[in-house]
Structure formats: structure tokens, C-alpha cells
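Undergrad: Residue 266 in the working numbering is what sits at position 114 of the sequence shown, and the numbering runs on without skipping anything.
Before anything else, here's the structure in question.
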Amino acid sequence: KAFAQTSNQIEQITNNFAPGQRIDVRDQVLALQQLAAAIRTDIALANLRESAGGKINQLASSIDAQAQAMIQAAAKTAAASPQEVRTLQDHLRSERSRIMVEDFGALIDSANQNLENTMQMLRGSTASLSQQYQTLLVLFIVLQIGLMVTALWYFNYQIKQLADITDRLIEGEATTALPQQKRHDQIGRLARAVQHYRTALITLSDSREQLKTILKKYDAETLSRRKVEKQLTLAASVFENVQEAVLLTDITGHVTRANTAALELLHCNEKQLASQPLLQFLLGKDFIVIEPLWNQVLEQGYWSGEVTYQAERFAPITALISIKLMGEAREGKGHVIFVLSDHTEIRAREAEMKFLAEQDPVTGLFNRHYFTAAGQKRIQNNPSGAFGLIMIGLDNFRSVNDALGHRDGDQVLKEIGARLTPLAGLQGTLARVGGDEFAFYVIAPESPDKLEAQTRQLAQQALTLISQPIHIMEYQIQLKASASISLYPTDGDTLDDLLKSNDIGLSMAKSQGGDQLFTHSTQIQNRAKRRFTLKQALEKALGNRELRLAYQPQVSLTNGNIVGFEVL
């Protein structure tokens, strides 16, 4: 195959020979020389070199001669005539054909002859061995059949012996000796099993009389036991059907029994309850923490308290625990009864009532009542501590309710509360103090002088947050708000004064067009007081006819004529 590939390449180059040209044939010459060397040394041709060494050498020499002829032809082409070039091409083609037909053909004939000789030798050896193997196989099969028949007969004989002895044991003959017990195979195991059966029969016979005596005594005790069992059954029925969760523990606090109500309330089984002392199981604390409480139960005999318990993958419950010691703890023979009452629903209702009393149901923020109480408590605990109060009112919020309805209006209020919550912080006590009004406190910084600036800055940030668009369904709502701030104790000594000051400031901010921050001072409040006092006095004077009118003439400067009057 390698020679054929190289010959194809040589054929292509030979066809390109032309007078006056020198063609490079070094790669083809090298390929022919490597092929000749491989034929002389390849391990795959070792057998052929032994049987047809002359033909191998003849083929290699012919390939080497072909390589030399290529070199000479390439050299002569440069100075040859067209006729001489064709002669060189024909010579190279005929030499390649001769190598393929004669040299390779002779080598293939030698290889086929060598293969035929080898096959004849193998066929002769195979026929001789096949006859010997058949004879041995027949003898082996006959021997195996004989051994199997002998083994089956011997095994059947031993089984028959054990079967006969077993029949005699069933009939009551327990003194029969058993053979084959010392064997280590399956027969031995069967013999030992029958021997154990024989021993059991003898023992059973000896125990029969003892059993009769025991049964007579048992009949007498059964009557009294049945009476006690009826009482225990009644007590167990009461224990299981009572609605309260009841658990019984030993003196160490480990549960020995629990009724169905207890298992349902605690969402566990008796094995889980018995894994640790009951108080530790309920409170979820280390026994070092529980031990003083348990010692109190053992010494005083009673304890009651409310605990919170949460089972895995269940909501927490609140339970009232009543613990009662039964017996004497010092003797170690007492028991402890736990009675658990579920107070979860009661506490939930209390929390709901507290929520309704302190929080706004629409926004979830604190309401005005809680906000006022928190401010009063702040002043009571620290009368000299300064703080700020920011009150924010939405401008023209009624138009949102009128256009979208109260449900979507509530969503807007929730969004406003959510935006203001981070700004107010945990200590700010953000609350909804009116229909569209929010308020929160500002804790004084390290320097009280900076309180007013900080309060003003937070109020302005709140107005900026509220002014950002709110998306409700397909609507984009742009709200504006007004804000008013006051400082304690600068603008008032009580929380009522601060709230009143902020209410006035918020009203003034809205009356001036809204969307602005109004800063308070005591002068503004005094001005409002004076205006209120004047209004009250005017109403009183008007009712008592204490007012009189004075008319002042208005004179034209051009002609001196009276053109009108001013009423004073």
C-alpha cells in the first residue's frame, strides 16, 4: 500500500518532466528508501524473511534501484530533448510495473504458501487432540453420575434416620438417642435441631404439674385484679377525655404519661416528651436554668405560670401551666402532675385589642392616641430632654378619595406611611394622627443647638419623599404636602402645646397655598391667641351693642369735593 501511494506521487512528477527543467524528487526518493529499509527490518515480515529471504531482498533492491533511477532521470531532464524525456518517463513506468507485478507478486506467492503449510499442520494437530478429548469427556461424565447417585443414596439414608427418630419423639418416646449431632454440614444442623426439640419436650413435661399449681393461684388473683382494673379503666378514661392537657412525670421531671389533649396541644409524641425533663422541653432552656424552678416545685409542692411554647413547623402557643406534686419528693416515690391550659386565643384577642387601641388599621402605623401617650411619657421621663415634632398634612387629598374611592385612597396612605417609616426611624414613633396627617418625633442630636436644623432637614426630606409619583393601578398620582415643626421645650412646655402649635402652623401653611414647610415660634402662637381673643371680644361687643360707627369723608384733591365716606 505504501509503495502504491509513493508510485502515484512519482507518476504525477514524472508526467511533469519537461526539457530544460530540473524537478525536485527528494521527498519521493526518501519515501522509497524508507520503504526498502522497512521491508528488510519489519517484524511483521520476519517469517517471510526466513522462508523467502531471497525474494524479500530482491524486492528491497528493486525499490532502491527505483529511487536511484528517479535521481538520474531528474538530473538528465534538464539537458534532454523531448524524445529523451519521453524515453525516461517510459522507463520509470515500466520499472514500477515490474516491481508491482514480479517482485511483490513473488513475495505474495511465498506468503500464501507459508500460510497453507501452517494451516495443514494445525489441521493435523486438531484432529488428534479432538479424539483424545472426547474419550476423556465420556469418562468424566460417567464418573460424575456415579458420584451423584452414591451421594444421593447416602443423604437419603441419613434423612430417613432423623425422620424415624422425629416420629418416635412425636409419639412420646423422648429417650431416643440422636446420631449425627457432631457433623458440621446441614445434616448435623438438622440433627441438633431435633435434639433441641427433644429437650424441650422433656422440659415441658416436667413443667406441666407446676403450671397447674400456678393456674389455681392465678384464678384466685384474677377476681381481685378485675375489680382494680375497672377502677383504673375509669380513671384512664377520665384522664384521656378531659379537655385540659394533663401530663404525669416522675420525680426527675421526665414524662411517664400524657393524655391525647397534651399531645395535640404540644404537637409531639410521648417519645419526644420523654427525651428530656418536661419543663426543659416546654421552656426550651438548659436544665441549669430550669433546676431552681423545679426545686421550688419539689419543696413547696405547687407552681403556676404562663409560658410560650413553639413546636417545630407550628405556630407558637401561650399556655398557663399548673404544677402539683403528689407524694413525698424526699422518698423519691412521688409524681408530678402538669395541667396546661391554652391561652393562645385569649392573648391573641388582647393583642388585637391593643393593636386597635394603639395602631391605625389602615396604614399599620401608630394612631394619635399612642403617639400622644408616647410623647407625654418622653417628657415625663426626661423633662429637660429636648426633641422635635414634625407634623405633615397632604394637600387636597380629598380629591384623590373623590376620584379613586376610599379603597385606593387607603393604598395611597399606606404608601406614604411606608416612605416615611425609614425617615422617622425606630425612636421617631411615626403615627397617622388624622385623616391625611402624619407626625413623628425627632430625637435631639449630641448638640441640642442642632435640633432645629435637623428637624427642619427631616421635614423637608419628608415633603420630597411624598412629592414622588405614586402608581395606583394605571394612575400616576403626584401629591403635595405641607409640614409644620415645633421644638420642646422651646415652643411649648407640654405635648398639648406642641400639637396645638403644629396644628396652627399646618393650617397656616395650607392657607398660603400648601407645599411648604412652616416653622413655629411662640410669637406665632401668641398672634393666634390675640386674634382669637379679638374675635371673641368683637362678637361680645356686637351682641351688647357696644360698637358705634364713625364716618370720615373722602375729599378729591383736584376740586375739593366730597366723593365718599370711610366707616370707622
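Even glycine gets a Cβ: it sits at the ideal position worked out from N, Cα and C.
Keep in mind that this is a model prediction, so the values were computed, not measured.
#1: What does the Cβ neighbour count give for residue 430, buried or exposed, with the cut at 16 atoms within 10 Å?
#2: Out of 245, 398, 569, 550, state which residue places its alpha-carbon closest to the alpha-carbon of residue 513.
#3: Pull up the distance between the alpha-carbon of residue 169 and that of residue 217, whole angstroms please.
#4: Would a C-beta distance cut-off of 8 angstroms place residue 547 and residue 632 closer than the cut-off?
#5: Assign residue 718 to one of three DSSP states: helix, strand, or coil.
#6: Can you pull the DSSP bridge partners for residue 706?
#7: In the DSSP assignment, the beta strand (DSSP E) including residue 544 goes from what residue to what residue?
#8: Quick check: the Cα distance between residue 700 and residue 715, rounded to an integer number of angstroms?
#9: Could you check the C-alpha separation between residue 370 and residue 376 for me, to the nearest Å?
#10: With C-beta atoms as the reference, is residue 229 less than 8 angstroms away from residue 244?
#11: Just checking, does the region 412-430 make contact with the region 486-501 on the three C-beta pairs under 8 angstroms criterion?
#12: Would the beta-carbon of residue 516 fall within 8 angstroms of that of residue 607?
#13: Exposed or buried, what is residue 635 when buried is set at 16 or more other beta-carbons lying within 10 Å of its beta-carbon?
#14: Could you name the residues of the same chain whose beta carbon sits closer than 7 angstroms to that of residue 668, not counting the 5 residues immediately before and after it, in chain order?
#15: By DSSP, does residue 570 sit in helix, in strand, or in coil?
#16: If we call anything under 8 angstroms between Cβ atoms a contact, is residue 471 one with residue 495?
#17: Given that a residue counts as buried once 16 or more other Cβ atoms are within 10 Å of its Cβ, and exposed if not, what is residue 222?
#18: Could you tell me the boundaries of the beta strand (DSSP E) in which residue 409 lies?
#19: Per DSSP, residue 519 is paired with what?
#20: Does the distance from the C-beta atom of residue 410 to that of residue 434 stay below 8 angstroms?
#21: Do residue 185 and residue 231 come within 8 angstroms of each other at the CB atom, strictly closer than that value?
#22: How many Å lie between residue 265 and residue 249 at the Cα?
#23: By Cβ distance, which residues of its chain are closer than 6 angstroms to residue 454, with the 5 residues on each side in sequence left out?
#24: Using the C-alpha atoms, what's the distance from residue 268 back to residue 191?
#25: Cα-Cα, which of 235, 214, 528, 619 is closest to residue 246?
#26: Run the CB neighbour count on residue 693, radius 10 Å, all protein chains shown included, and call it buried at 16 or more, exposed below.
#27: By the 10 Å Cβ neighbour count, where 16 or more other Cβ atoms means buried, how is residue 180 classified, buried or exposed?
#28: May I have the straight-line CA-CA distance separating residue 625 from residue 612, to the nearest angstrom?
#29: What separation, rounded to the nearest whole angstrom, lies between the Cα atoms of residue 618 and residue 507?
#30: Counting only the same chain and skipping the five closest in sequence on each side, list residues whose C-beta sits under 7 angstroms from that of residue 581.
#31: Quick check: residue 663 and residue 653, are their CB atoms within less than 8 angstroms of each other?
#32: Identify the continuous alpha helix (DSSP H) that holds residue 649 and give its terminal residues.
#33: Sort 571, 209, 587 by Cα distance to residue 610 and report the nearest one.
#34: Can you tell me where the beta strand (DSSP E) with residue 536 in it begins and where it stops?
#35: I believe residue 473 touches residue 457 by the beta-carbon criterion, under 8 angstroms. Please report the beta-carbon distance rounded to the nearest angstrom.
#36: Compute the distance between the beta-carbons of residue 400 and residue 408, then report whether it is under 8 angstroms.
TA: In short:
#1: Taking a 10 Å sphere around the C-beta of residue 430, we find 16 or more other C-beta atoms and assign the residue as buried.
#2: 569
#3: 19 angstroms
#4: yes
#5: Residue state for residue 718 is assigned as strand, using DSSP reduced to three classes.
#6: 716
#7: 539-546
#8: 23 angstroms
#9: Rounded to whole angstroms, the gap between the alpha carbons of residue 370 and residue 376 is 10 angstroms.
#10: no
#11: These segments touch.
#12: Cβ distance not < 8 angstroms, so residue 516 and residue 607 don't count as in contact.
#13: buried
#14: 634, 661
#15: helix
#16: yes
#17: buried
#18: 407-410
#19: In DSSP, residue 519 forms a bridge with 584.
#20: With respect to residue 434, residue 410 sits apart: the two C-beta atoms are not nearer than 8 angstroms.
#21: no
#22: 23 angstroms
#23: 476
#24: Their backbone Cα atoms lie some 22 angstroms apart in a straight line.
#25: 214
#26: Residue 693 should be labelled exposed.
#27: Buried, since its Cβ has 16 or more Cβ neighbours within 10 Å.
#28: 28 angstroms
#29: 26 angstroms
#30: 518, 523, 526, 592, 593
#31: Taking 8 angstroms as the Cβ cut-off, residue 663 and residue 653 do not qualify as a contacting pair.
#32: Per DSSP, residue 649 belongs to the alpha helix (DSSP H) from 647-663.
#33: 571
#34: No beta strand (DSSP E) holds residue 536; DSSP gives it neither H nor E.
#35: 6 angstroms
#36: yes
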